[in-house]
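In what follows, a structure is listed as structure tokens, so that the remarks can point back to it.
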Amino acid sequence: MSGWNMDNKFKIRMVEVLAGAAVVVPFLIDVYLYRLYTSNASSVFFTLILPILFAAVVIAGSLSEERSLINAIVGVAAVITFIVGSGSLYSYFSTEGGVFFGGLFTVVVSIGLFACVLLREIYHRVGGSQGSKVSSELENP
């Protein structure tokens, strides 16, 4: 049963990493093409809606993980991203005209969340391999 849980945890983490890549890559492409933020429908999707969905996926994944400090940090970063993204989406559709920096703030926070997810994955891979190495040494002295 332990192997089944590890496979599901791995799948959840990979979905989080792929969702984060779906947020970061289009933003970097926009920066590379010198279109940091435009007011068309695709940019609203990539700078506001997609980071909110990414944060929701990470929150759901953090709730299903074991309780640890690294998972708590990632969960808090996901909640912050979700709040910033939701507030930016609300302000985008409720205000008229002016300069809108909400999309930029949302993408910056979601890139930070993506970095946290990647660091957690690295931590689990390095810590998991060392943990299994230590447990195998304890079982077979």
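Residue 155, in the working numbering, is where the sequence shown stops; the numbers in between run on with no holes. We put the CB at the ideal spot given by N, CA and C, even for glycine. Only a predicted model underlies this, so the values are computations on that prediction, with no experimental measurement involved.
- Taken through DSSP and simplified to helix, strand or coil, Ser108 comes out as helix.
- Each residue's CA atom was taken as its position, placing Gly141 and Ala92 some 22 angstroms apart.
- Straight-line spacing of the CA atoms in Ile66 and Glu80 works out to 23 angstroms.
- For Glu110, the number of other beta carbons within 10 angstroms of its own is below 16, and it is reported as exposed.
- Each residue's CA atom was taken as its position, placing Val123 and His138 some 23 angstroms apart.
- Annotated three-state conformation of Phe119 is helix, per DSSP.
- One Cα belongs to Val98, the other to Ala35, and the distance between them is close to 19 angstroms.
- Between the C-alpha atoms of Val39 and Val88 there is a straight-line separation of about 20 angstroms.
- Annotation for Ser76: the continuous alpha helix (DSSP H) segment containing it runs 64-78.
- Per the coordinates, the alpha-carbon of Val131 lies some 21 angstroms from the alpha-carbon of Gly117.
- Of the candidates Val72, Ser105, Thr120, Val72 places its Cα closest to the Cα of Arg27.
- A Cβ-Cβ contact shorter than 8 angstroms links Leu103 with Leu62.
- With a cutoff of 8 angstroms on beta-carbon distance, Ile94 and Arg134 are scored as not near each other.
- At the C-beta level, Phe107 and Ala69 stay beyond 8 angstroms of one another.
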